[in-house]
Amino acid sequence: MESSAEVHFAQQLASNQPKIREKALKKLGKWFALKSVSEDGK
Numbered sequence: 018m019e020s021s022a023e024v025h026f027a028q029q030l031a032s033n034q035p036k037i038r039e040k041a042l043k044k045l046g047k048w049f050a051l052k053s054v055s056e057d058g059k
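Residue numbers (my numbering): 18 to 59.
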């Protein structure tokens, strides 16, 4: 993950708007799931 993507995620997770935070959490969850599957195959 690029540092600019990390900053973008952090900004969305720190947002005061619940919709934006929840959307970021969903995307982060999908990213973690994808990473855990790809690392299990190594």
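Using N, Cα and C, we set each Cβ at its ideal position, and we do this for glycine too.
| Query | Result |
| --- | --- |
| Residue closest to R38, alpha-carbon to alpha-carbon, out of E56, K44, L30 | L30 |
| Cβ-based neighbour list, M18, same chain, cut-off 7 Å, excluding 5 preceding and 5 following | The predicted model places M18 with a pLDDT of 48, which falls under 50 and marks its position as unreliable; any figure quoted below should be read in that light. Closer than 7 Å at Cβ, skipping near neighbours: no residue. |
| Local conformation of A31 per DSSP, three classes | coil |
| Cβ separation of G51 and F26, assumed to be a contact under 8 Å, to the nearest whole Å | Checking the displayed sequence, the identity of residue 51 turns out to be Leu instead of Gly. That belief does not hold up - the Cβ atoms of L51 and F26 are roughly 14 Å apart, past 8 Å. |
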